[in-house]
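Asker: Got a structure here, written out as structure tokens. Questions coming.
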Amino acid sequence: MLYPSGTPQNPSFEFYGDFNPYGLRLFTGEFGNNLQQQFNVTENLARVIGAHQIKLGFDFRRIHPEPVLEPYQLQYLYSSLSSVLNNNGAQAYVVAYSAGVELNFSNWSLFSQDTWKPAHIVTVTYGLRWEYNTAPSSPNGTLPFTVTQVNNFATMTLAPQGTPLWHPQKDNFAPRLGVAWQVRPNLVMRSGAGIFYDLGYSSISNGVTAWPYAQQKLILNTSFPLSPADAAPPPFTTTSPAGALFVVNPNHVLPRTYEWNASVERRFGNSDALSLTYLGAAGRKLMRADYYYKPNANFSSAFSLFSNGANSSYQALQSQFRHGFQYGLQALLSYNWGHSIDDVSSDAYIANVPPGASALSNRGSSNYDTRQTFSGAISYDIPAPGIGIWKSIFGSWSTDSIIYARSTPPVNVVTGQNTFGLYLSAATSVQRPNLVPGVPLWISDPNVAGAKRINPAAFSKPGLQGDLGRNTLRGFGATEVDLTLRRQFKLYERLSLQARADLFNIFNHPNFGPPTNYMTSPLFGQATQMLGASLGAGGQTGGLNPLYQIGGPRSAQLALKLVF
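This is the structure we're talking about:
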């Protein structure tokens, strides 16, 4: 039996094995039935006064998530296939959730903007936005617990129940400025800069599923099924030591990004235009998540800390060519070279550095850094041959093509070992290996995807953090050409029927997902999925459905569409 006796009728059960790149998981039962409510009030006012176009507005948003989790959940975790066969579990978790935990998130925004034309060839747009994002509140007194301070873990204690998670700033002003100058009838220059604030909430809403509203019991070195005593749900208590917590630094401020750009656009004739753009962005006081285990005697379990401890920078050169509709042909071609650098690319995933390592050792290319991207879209109305029946048969046909190519994204090689004192998935490891000098990073292998794999002999496991930089290696690029053939049938003056055939990845070019990045996997260094599948499965599992994403095998779809 999956469910121990005495548990609720429909508990949730999870089996998790961490012995392949993506884990082996078995879920059954209902994990939750969450509800998200949002209330918005917006208003804008516009007025033209001479050469000025003035806009004023406000935006109020309140988000009210209601987590409704099953009151009893059970999880088994096995570290290898042999441990499954021998029923030697590394861990088992028994979790009890409290009902009726609620949070409110409120956001206030005010803005003013003026578009001014001091001359017919110059347009200046300037404005100011004010952001006030409150700390979470609770309508029924179920605010997550927080701590007194996070500067010294040795003296950190729980704050009294109901303590605000942080005290929000009221001086978050975000100015913006943009200038457009028509130097010549066919030449325009533009530039702009501004400050933008993020919401700054990260994953703090997980606090409603943490201690004391979630009570967790950990059983080490166990087997299936648990004994009745081990399977019994833990009691709810607010007595110290505290269990698993999600905490924001009490001195939290809103993350912000400084952006700037400059561009020049030149027109050629009546239908062609070429533009070049430089843009940059600097993210400061960005959110990061660090994980600690039993930081002192006041805490008995995991402690997740969200803080303004991350920075990022981005610079790019973009070019675009546009051919307006002429002689039945329309085209848009663009090329982007850019480089994104940061010390953490997510505000939710674990970002710790191993004990004794410097936080600066994590600075490197962003997880999503793609240096070069080319895309093109071409539409052509095929001319109808002749007149009469031939025009009826071959008229009103058009074709569209989309071309996409990008360079290789980063791969962050990690050892698969964790230094937190608690068993975690090998995929969550942040410990990087040492680089073995003189050994090639990649080796050819015709038996794996892409005919190459990362060479495990190029790395050695360190004591703490290795000398291999974060995101040093690069995976596989992507290339895809899609083609559409369509015909329009005019039914009435304003009603048409469009028949179309869409062919995706028409040349069936193989595109692979990132290789397995942790060294403890037997498939380390190999790509195990097509690119489309690696981007997610959609629905509750997140990501995008491979059917609607780049990187899958050649496929086709037929469609009829009414146009009116």
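Going by the working numbering, the first residue of the sequence shown is number 101, and it counts up by one from there.
Just so it is clear, CB atoms sit at the ideal spot from N, CA and C, and this is done for glycine as well.
(1) May I ask you to report which of helix, strand or coil DSSP gives F253?
(2) Please tell me whether S419 and Y435 are closer than 8 Å, where the distance is taken between their beta carbons.
(3) Could you round the C-beta distance between L568 and F576 to whole angstroms and report it? I think they count as a contact, below 8 Å.
(4) Could you tell me whether the Cβ atoms of E170 and Y197 are closer together than 8 Å?
(5) Enumerate in chain order the residues of its own chain whose CB-to-CB distance from W216 is below 7 Å, with the five nearest sequence positions on each side excluded.
(6) Using a Cβ-Cβ cut-off of 7 Å (strictly less than) and excluding sequence neighbours within five positions of N534, which residues of its own chain qualify?
(7) So S634 is in the beta strand (DSSP E); what residue range does that whole segment cover?
(8) If you draw a straight line from the alpha carbon of P483 to that of A599, how long is it in whole angstroms?
(9) Does any residue of chain B have a CB that is nearer than 8 Å to the CB of Q136?
(10) Given S237, which residues of its chain have a CB within under 6 Å of its CB, disregarding the five upstream and five downstream residues?
(11) Do S404 and F346 have their beta-carbon atoms positioned less than 8 Å apart in this structure?
(12) Among A431, R570, N272, S323, which residue has its Cα nearest to the Cα of S179?
(13) Can you pull the DSSP bridge partners for A146?
(14) Do A362 and Y378 have their CB atoms nearer than 8 Å?
(15) Quick check on DSSP: helix, strand or coil for F211?
(16) Rounded to a whole number of angstroms, what is the C-alpha to C-alpha distance between P510 and I650?
(17) How should T142 be labelled, buried or exposed, when 16 other C-beta atoms within 10 angstroms of its C-beta is the threshold for buried?
(18) In three-state terms, what does DSSP make of V184?
(19) Tell me whether Y358 sits in a helix, a strand or coil according to DSSP, three-state version.
(20) Thinking C-beta only, is L585 closer than 8 Å to F664?
(21) If you draw a straight line from the C-alpha of N187 to the C-alpha of V195, how long is it?
(22) Go through its chain and collect everything with a Cβ distance to V353's Cβ below 8 Å, but skip five positions before and after it.
(23) Going along the chain, which residues of its own chain have a beta-carbon closer than 8 Å to the beta-carbon of Y523, five neighbours each way excluded?
(24) What residues match up with K661 in a beta bridge as DSSP calls it?
(25) Measuring CA to CA, which of Y172, N452, S655, Q629 is closest to A665?
(26) Which residue marks the beginning of the alpha helix (DSSP H) containing D372, and which one marks its end?
(27) By DSSP's criteria, P165 is part of a beta bridge. Which residues make up the other side?
(28) Closest by CA to S291, which one among S303, L277, S302?
(29) Whole-angstrom Cβ separation of P556 and G625, contact assumed at under 8 Å?
(30) Please name the residue, chosen from D602, I606, S621, that lies closest to A659 on a Cα-to-Cα basis.
(31) Please classify I605: is it buried, with 16 or more other beta-carbons within 10 angstroms of its beta-carbon, or exposed?
(32) Ends of the beta strand (DSSP E) at A331?
(33) Of the choices L429, Q213, Q415, whose alpha-carbon is the least far from that of D469?
(34) Does the Cβ of D330 have 16 or more other Cβ atoms within 10 Å, making it buried, or fewer, making it exposed?
(35) Looking at F253: is its Cβ nearer than 8 Å to the Cβ of N396?
(36) Give a yes or no on whether the C-beta atoms belonging to I554 and F406 are separated by under 8 Å.
Answerer: On the basis of the coordinates in this document:
(1) The residue given as residue 253 occupies position 153 in the sequence shown. F253 falls in the helix class under three-state DSSP.
(2) Counting from 1 along the sequence shown, the entry for residue 419 is found at position 319. Counting from 1 along the sequence shown, the entry for residue 435 is found at position 335. In contact: S419 and Y435 (Cβ atoms closer than 8 Å).
(3) Within the sequence shown, residue 568 is the residue found at index 468, counting from 1. Within the sequence shown, residue 576 is the residue found at index 476, counting from 1. Contact flag wrong, Cβ pair sits at about 20 Å.
(4) Counting from 1 along the sequence shown, the entry for residue 170 is found at position 70. Counting from 1 along the sequence shown, the entry for residue 197 is found at position 97. Going by C-beta atoms, E170 is nearer than 8 Å to Y197.
(5) Here residue 216 refers to the residue found at position 116 of the sequence shown. For W216, where only same-chain residues beyond five positions count, the Cβ hits under 7 Å are A151, H152, V224.
(6) As a working mapping, residue 534 is identified with position 434 in the sequence shown. The residues are F559, S560, P562, G566, D567, L568.
(7) What you label residue 634 is simply residue 534 of the sequence shown in a count that begins at 1. No beta strand (DSSP E) holds S634; the alpha helix (DSSP H) holding it covers 631-634.
(8) Residue numbering aside, residue 483 sits at position 383 when the sequence shown is read from its first letter. Residue numbering aside, residue 599 sits at position 499 when the sequence shown is read from its first letter. Each residue's alpha carbon lies about 17 Å from the other.
(9) Within the model displayed, chain B is absent; a lone protein chain is all it includes.
(10) Working through the sequence shown from its first residue, we reach residue 237 at position 137. Around S237: N204.
(11) As a working note, residue 346 is residue 246 in the sequence shown. As a working note, residue 404 is residue 304 in the sequence shown. Cβ distance < 8 Å, so F346 and S404 count as in contact.
(12) For the purposes of this step, residue 179 is identified with residue 79 of the sequence shown, where counting begins at 1. Considering only alpha carbons, the answer is S323.
(13) As a working mapping, residue 146 is identified with position 46 in the sequence shown. Its beta-bridge partners are K155.
(14) Here the question's residue 362 lines up with position 262 in the sequence shown. Here the question's residue 378 lines up with position 278 in the sequence shown. Yes, the Cβ-Cβ distance between A362 and Y378 is below 8 Å.
(15) Walking along the sequence shown from the start, residue 211 turns up at place 111. The answer is strand: DSSP assigns F211 an E or B state.
(16) Within the sequence shown, numbered from 1, the residue matching residue 510 stands at position 410. Within the sequence shown, numbered from 1, the residue matching residue 650 stands at position 550. In a straight line, the C-alpha of P510 is about 18 Å away from that of I650.
(17) As a first step, residue 142 must be located in the sequence shown, where it is residue number 42. With fewer than 16 Cβ atoms within 10 Å of its Cβ, T142 is classed as exposed.
(18) Within the sequence shown, the letter at position 84 stands for residue 184. In this structure, V184 counts as helix in the three-state DSSP scheme.
(19) Along the sequence shown, one-based indexing puts residue 358 at 258. It is a strand residue.
(20) Residue mapping note: residue 664 aligns to position 564 of the sequence shown, counting from 1. Residue mapping note: residue 585 aligns to position 485 of the sequence shown, counting from 1. Not a contact, by the Cβ cut-off of 8 Å.
(21) Residue 187 sits at position 87 when you count from the first residue of the sequence shown. Residue 195 sits at position 95 when you count from the first residue of the sequence shown. So the two alpha carbons sit approximately 21 Å from each other.
(22) For the purposes of this step, residue 353 is taken as residue 253 along the sequence shown, with counting starting at 1. Excluding sequence neighbours, V353 sits near Q269, G300, K385, N408.
(23) By one-based count along the sequence shown, residue 523 stands at place 423. Interpretation of Y523 is limited by its pLDDT of 49, a score under 50 that renders its predicted location unreliable; no figure is taken from the coordinates.
(24) Within the sequence shown, numbered from 1, the residue matching residue 661 stands at position 561. Note: K661 sits in a beta bridge opposite Q598.
(25) Nothing can be reported for residue 665, as the shown portion of the chain is limited to 101 through 664.
(26) Locating residue 372 in the sequence shown gives position 272, counting from the first residue. From DSSP, D372 is part of no alpha helix (DSSP H) but of the beta strand (DSSP E) over 372-393.
(27) Numbered from its first residue, the sequence shown carries residue 165 at position 65. BP columns for P165 point to Q136.
(28) As a position in the sequence shown, residue 291 is number 191, starting the count at 1. Checked all of S303, L277, S302; the closest Cα to S291 is L277.
(29) Here residue 556 is taken as the residue at index 456 of the sequence shown, counted from 1. Here residue 625 is taken as the residue at index 525 of the sequence shown, counted from 1. 6 Å between Cβ atoms; contact.
(30) By one-based count along the sequence shown, residue 659 stands at place 559. Ranking the options by Cα distance to A659, first place goes to D602.
(31) Position 505 of the sequence shown, counted from the first residue, corresponds to residue 605. At residue 605 the sequence reads Asn, which differs from the Ile that was named. Buried: at least 16 other Cβ atoms inside 10 Å.
(32) Locating residue 331 in the sequence shown gives position 231, where the first residue counts as 1. Here A331 belongs to no beta strand (DSSP E); instead the alpha helix (DSSP H) covers 328-331.
(33) By 1-based counting over the sequence shown, the position of residue 469 is 369. When each option's Cα is compared against that of D469, the closest is Q415.
(34) Reading the sequence shown from its first residue, position 230 is the one you call residue 330. The residue is exposed, with fewer than 16 neighbouring Cβ atoms inside 10 Å.
(35) Position 153 of the sequence shown, counted from the first residue, corresponds to residue 253. Position 296 of the sequence shown, counted from the first residue, corresponds to residue 396. Their beta carbons are under 8 Å apart, which means F253 touches N396 by this criterion.
(36) If you number the sequence shown from 1, residue 554 lands on position 454. If you number the sequence shown from 1, residue 406 lands on position 306. Going by C-beta atoms, I554 is not nearer than 8 Å to F406.
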